[in-house]
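Undergrad: Chains as they are written, first to last, in the UniProt record's numbering: chain F, 1 to 116; chain D, 1 to 116; chain B, 1 to 116; chain E, 1 to 116. Even for Gly, the Cβ is constructed at its ideal location relative to N, Cα and C. Since we're looking at a predicted model, the values are computed, not measured. So that we are looking at the same thing, I have put the structure below in structure tokens.
4 protein chains.
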Amino acid sequence: MLESSLLAQLIAFRKDRDWEQFHTPKDVAISLSIEAAELLEWFQWRNHDEVEAMLESDKREHLEDEIADVAVYLSYLCHDLGIDLNQAVKKKMEKNAAKYPPDKVKGRADKYNEYS
Amino acid sequence: MLESSLLAQLIAFRKDRDWEQFHTPKDVAISLSIEAAELLEWFQWRNHDEVEAMLESDKREHLEDEIADVAVYLSYLCHDLGIDLNQAVKKKMEKNAAKYPPDKVKGRADKYNEYS
Amino acid sequence: MLESSLLAQLIAFRKDRDWEQFHTPKDVAISLSIEAAELLEWFQWRNHDEVEAMLESDKREHLEDEIADVAVYLSYLCHDLGIDLNQAVKKKMEKNAAKYPPDKVKGRADKYNEYS
Amino acid sequence: MLESSLLAQLIAFRKDRDWEQFHTPKDVAISLSIEAAELLEWFQWRNHDEVEAMLESDKREHLEDEIADVAVYLSYLCHDLGIDLNQAVKKKMEKNAAKYPPDKVKGRADKYNEYS
Numbered sequence: 001m002l003e004s005s006l007l008a009q010l011i012a013f014r015k016d017r018d019w020e021q022f023h024t025p026k027d028v029a030i031s032l033s034i035e036a037a038e039l040l041e042w043f044q045w046r047n048h049d050e051v052e053a054m055l056e057s058d059k060r061e062h063l064e065d066e067i068a069d070v071a072v073y074l075s076y077l078c079h080d081l082g083i084d085l086n087q088a089v090k091k092k093m094e095k096n097a098a099k100y101p102p103d104k105v106k107g108r109a110d111k112y113n114e115y116s
Numbered sequence: 001m002l003e004s005s006l007l008a009q010l011i012a013f014r015k016d017r018d019w020e021q022f023h024t025p026k027d028v029a030i031s032l033s034i035e036a037a038e039l040l041e042w043f044q045w046r047n048h049d050e051v052e053a054m055l056e057s058d059k060r061e062h063l064e065d066e067i068a069d070v071a072v073y074l075s076y077l078c079h080d081l082g083i084d085l086n087q088a089v090k091k092k093m094e095k096n097a098a099k100y101p102p103d104k105v106k107g108r109a110d111k112y113n114e115y116s
Numbered sequence: 001m002l003e004s005s006l007l008a009q010l011i012a013f014r015k016d017r018d019w020e021q022f023h024t025p026k027d028v029a030i031s032l033s034i035e036a037a038e039l040l041e042w043f044q045w046r047n048h049d050e051v052e053a054m055l056e057s058d059k060r061e062h063l064e065d066e067i068a069d070v071a072v073y074l075s076y077l078c079h080d081l082g083i084d085l086n087q088a089v090k091k092k093m094e095k096n097a098a099k100y101p102p103d104k105v106k107g108r109a110d111k112y113n114e115y116s
Numbered sequence: 001m002l003e004s005s006l007l008a009q010l011i012a013f014r015k016d017r018d019w020e021q022f023h024t025p026k027d028v029a030i031s032l033s034i035e036a037a038e039l040l041e042w043f044q045w046r047n048h049d050e051v052e053a054m055l056e057s058d059k060r061e062h063l064e065d066e067i068a069d070v071a072v073y074l075s076y077l078c079h080d081l082g083i084d085l086n087q088a089v090k091k092k093m094e095k096n097a098a099k100y101p102p103d104k105v106k107g108r109a110d111k112y113n114e115y116s
């Protein structure tokens with residue numbers, strides 16, 4: 001997912017701090033879901049126009065940090081479980097494509113909702 | 001994050017179905033957090049040994065699918081907001097490195113907990 | 001939180017199935033957050049008008065079921081940890097009232113956002 | 001769910017601050033899921049013994065505050081949607097009881113996992 005040199009840096013970061021011991025797959029999955037909630041918090045109580053304005057403000061950096069946190073835990077999880085993320089996404093998209101043929105679901109919110 | 005050809009495929013997938021209209025940044029962030037919870041659900045009620053056994057079983061594919069779903073929404077969000085994920089992670093890791101010098105936090109769960 | 005006879009029923013439900021063994025506080029907290037995500041899923045991709053329409057439709061029962069699931073895990077957690085929920089909310093509301101005096105925060109989204 | 005006088009206090013709290021305007025059902029559901037993640041954060045990286053020790057420490061109050069936050073948003077949501085939580089839980093438990101007869105699922109983690 002991330003550049004390989006950056007992934008190597010993440011791995012070194014936790015090794016240098018002797019923090020691998022905390023990274024069971026279950027605890028990393030917990031952390032990923034907590035970080036996803038913190039990312040969502042950035043949008044909390046905001047309507048579309050307010051979000052657009054915040055994206056142009058100095059609050060953008062905070063959003064980028066939250067997105068980075070999600071990516072970091074996702075990268076640790078894939079690394080630790082030996083999952084090739086590109087491969088996993090490819091396989092999932094093939095299933096999605098078979099399940100949702102464009103001509104049957106185009107622009108339909110109901111189908112989209114079933115999909116997601 | 002993903003290979004550029006795969007990201008192009010994701011973008012085409014939603015365009016072919018006329019589904020961009022549903023993808024406001026806030027709704028994509030909601031979806032990311034829902035998918036992270038579905039990923040966590042794979043680990044629900046399982047202890048470490050049970051997780052290890054499931055990783056070797058045919059339940060592994062389900063886990064990979066859930067991880068793929070998280071990656072898909074993360075990719076849409078970064079694409080739509082013009083965020084370079086490698087860049088965002090680099091900046092965040094610099095902050096983390098400054099905040100948690102190895103000699104002060106090594107192997108300490110309390111510091112790790114503050115960190116995360 | 002729930003009527004005491006209903007709470008007794010929840011406790012009997014898991015005892016009759018010998019399921020207390022799975023209910024560590026951490027796993028119940030995981031389940032609570034998963035159920036909260038499933039509740040949120042009901043609202044996923046919907047705008048305000050669509051939500052209002054769904055509330056009047058036969059999809060309302062599904063929402064009530066998801067809300068019930070959240071309440072069930074919250075009730076188990078409070079029961080198992082010996083927490084009086086009314087008491088906990090009272091104490092938290094006192095802190096909130098001290099932190100957010102009406103004359104300083106009235107109608108201000110920015111203060112509201114700091115608050116939540 | 002909460003004592004009726006306490007619920008009245010919650011309703012007054014947001015009215016006094018003119019904050020009802022932010023409380024669409026969807027945004028309250030978002031907040032509920034964020035608070036559930038913050039509750040889960042209390043357990044993050046902790047094993048069972050560490051959780052037990054924290055429950056006896058001065059960190060317990062923080063946990064009670066997070067549980068209160070979940071209950072507050074759950075209460076607002078039920079109030080705003082006119083949902084009787086006891087009634088909703090009763091109906092859900094009837095469905096669960098029909099779906100999981102004790103003699104078929106007793107002590108079985110696999111059935112429990114299907115259940116949750």
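If the criterion is Cβ atoms closer than 7 Å, does the pair Leu-39 (chain B) and Glu-61 (chain B) meet it?
TA: Counting from one through the third sequence, the residue named residue 39 (chain B) turns up at place 39. Counting from one through the third sequence, the residue named residue 61 (chain B) turns up at place 61. Contact flag unset, no.
Undergrad: Nearest by alpha-carbon distance to Gly-107 (chain F): which of D:Ala-12, D:Glu-3, D:Phe-22 is it?
TA: If you number the first sequence from 1, residue 107 (chain F) lands on position 107. For the residues D:Ala-12, D:Glu-3, D:Phe-22, the minimum Cα distance to Gly-107 (chain F) belongs to D:Phe-22.
Undergrad: Roughly how many whole angstroms lie between the Cα atoms of Pro-25 (chain D) and Ala-8 (chain B)?
TA: For the purposes of this step, residue 25 (chain D) is identified with residue 25 of the second sequence, where counting begins at 1. For the purposes of this step, residue 8 (chain B) is identified with residue 8 of the third sequence, where counting begins at 1. Rounded to whole angstroms, Pro-25 (chain D) to Ala-8 (chain B) spans 43 Å at the Cα level.
Undergrad: Do you know how far the Cα of Phe-43 (chain F) is from the Cα of Asp-58 (chain F)?
TA: For the purposes of this step, residue 58 (chain F) is identified with residue 58 of the first sequence, where counting begins at 1. For the purposes of this step, residue 43 (chain F) is identified with residue 43 of the first sequence, where counting begins at 1. Whole-angstrom Cα-Cα distance: 15 Å.
Undergrad: For Asn-96 (chain E) and Phe-13 (chain F), I'd like the C-alpha separation in whole angstroms.
TA: As a working note, residue 96 (chain E) is residue 96 in the fourth sequence. As a working note, residue 13 (chain F) is residue 13 in the first sequence. Whole-angstrom Cα-Cα distance: 46 Å.
Undergrad: Any chance the segment 75-94 of chain F sits against the segment 72-89 of chain E, with 3 or more Cβ pairs inside 8 Å?
TA: No contact exists between the segment 75-94 of chain F and the segment 72-89 of chain E.
Undergrad: At what residues does the alpha helix (DSSP H) containing Glu-94 (chain B) begin and finish?
TA: As a position in the third sequence, residue 94 (chain B) is number 94, starting the count at 1. Taken as a continuous stretch (DSSP letters only), the alpha helix (DSSP H) holding Glu-94 (chain B) covers 85-99.
Undergrad: Under 6 Å: does the beta carbon of Lys-91 (chain E) sit that close to some heavy atom of the ligand NAD?
TA: Inclusion of the ligand NAD in the displayed structure is not the case, the ligand content being empty and no account of it being possible.
Undergrad: Ordered along the chain, which non-local residues of its own chain (more than five positions away) have a Cβ less than 6 Å from that of Ser-31 (chain B)?
TA: The residue you call residue 31 (chain B) lines up with position 31 of the third sequence. Only Tyr-73 meet the Cβ criterion.
Undergrad: Check the Cβ of His-48 (chain B) against every Cβ in chain E and list those closer than 9 Å, keeping chain order.
TA: Along the third sequence, one-based indexing puts residue 48 (chain B) at 48. Ordered by position in chain E, the residues that pass the 9 Å Cβ test against His-48 (chain B) are Thr-24, Pro-25, Lys-26.
Undergrad: Taking Tyr-76 (chain D) as the query, report the chain F residues whose CB atoms sit under 7 Å from its CB, ordered along the chain.
TA: Reading the second sequence from its first residue, position 76 is the one you call residue 76 (chain D). Per Cβ cutoff of 7 Å: no residues; Tyr-76 (chain D) is ~11 Å from chain F at best.
Undergrad: If you drop the 5 nearest sequence neighbours on each side, which residues of the same chain put their C-beta closer than 7 Å to that of Leu-63 (chain F)?
TA: Against the first sequence, residue 63 (chain F) aligns to sequence position 63. These residues qualify, in order along the chain: Trp-42.
Undergrad: Quick one: give me the first and last residue of the alpha helix (DSSP H) that Lys-106 (chain F) is part of.
TA: Mapped onto the first sequence, residue 106 (chain F) falls at position 106. Per DSSP, Lys-106 (chain F) belongs to no alpha helix (DSSP H) and is neither H nor E.
Undergrad: Within 7 Å of any Cβ in chain D, is that where the Cβ of Glu-94 (chain B) sits?
TA: Residue numbering aside, residue 94 (chain B) sits at position 94 when the third sequence is read from its first letter. No, Glu-94 (chain B) does not count as interfacial toward chain D.
Undergrad: Would you please verify whether the beta carbon of Met-54 (chain D) is less than 7 Å from any beta carbon of chain F?
TA: Your numbering for residue 54 (chain D) matches position 54 in the second sequence. No, Met-54 (chain D) lies away from the interface with chain F (no Cβ there is under 7 Å from its Cβ).
Undergrad: Got a sec? Which residues, its chain only, sit under 8 Å from Pro-101 (chain E) by beta carbon, not counting five neighbours each side?
TA: Taking the fourth sequence and counting its residues from 1, the one referred to as residue 101 (chain E) is at position 101. Closer than 8 Å at the Cβ level, and outside the excluded window around Pro-101 (chain E), lies no residue.
Undergrad: Taking the alpha-carbon positions, what's the Ala-29 (chain E) to Ala-71 (chain F) distance?
TA: Locating residue 29 (chain E) in the fourth sequence gives position 29, where the first residue counts as 1. Locating residue 71 (chain F) in the first sequence gives position 71, where the first residue counts as 1. Those two C-alpha atoms are separated by around 24 Å.
Undergrad: What does a CB cutoff of less than 6 Å around Glu-3 (chain D) pick up in its chain, not counting 5 residues either side in sequence?
TA: On the second sequence, residue 3 (chain D) is found 3 positions in, with the first residue counted as 1. No residues qualify anywhere along the chain.
Undergrad: What residues in its chain sit with their C-beta under 8 Å from that of Lys-92 (chain E), if we drop five residues either side in the sequence?
TA: In the fourth sequence, counting from the first residue as 1, residue 92 (chain E) sits at position 92. For Lys-92 (chain E), where only same-chain residues beyond five positions count, there are no Cβ hits under 8 Å.
Undergrad: Shorter than 7 Å from the beta carbon of Trp-45 (chain E) to some beta carbon of chain F?
TA: Along the fourth sequence, read from residue 1 onward, the residue named residue 45 (chain E) stands at position 45. For Trp-45 (chain E), the answer is yes, since a Cβ of chain F falls inside 7 Å of its Cβ.
Undergrad: With distances taken from CA atoms, which of B:Asn-47, B:Met-1, B:Arg-17, B:His-48 is nearest Lys-99 (chain E)?
TA: Locating residue 99 (chain E) in the fourth sequence gives position 99, counting from the first residue. Residue B:Arg-17 is the option with its Cα nearest to Lys-99 (chain E).
Undergrad: Measuring CB to CB, does Ala-68 (chain F) end up less than 7 Å from Ala-88 (chain D)?
TA: As a first step, residue 68 (chain F) is located in the first sequence; it is residue number 68 there, counting from the start. As a first step, residue 88 (chain D) is located in the second sequence; it is residue number 88 there, counting from the start. Yes; because the gap between Cβ atoms is below 7 Å, this pair is in contact.
Undergrad: Along the alpha helix (DSSP H) that carries Ser-57 (chain D), what are the first and last residues, could you check?
TA: The residue you call residue 57 (chain D) lines up with position 57 of the second sequence. Unbroken run through Ser-57 (chain D): none, as it is neither H nor E.
Undergrad: How long is the line joining the alpha carbons of Asn-86 (chain E) and Leu-55 (chain D), rounded to whole angstroms?
TA: Residue mapping note: residue 86 (chain E) aligns to position 86 of the fourth sequence, counting from 1. Residue mapping note: residue 55 (chain D) aligns to position 55 of the second sequence, counting from 1. Distance between the alpha carbons of Asn-86 (chain E) and Leu-55 (chain D): 39 Å.
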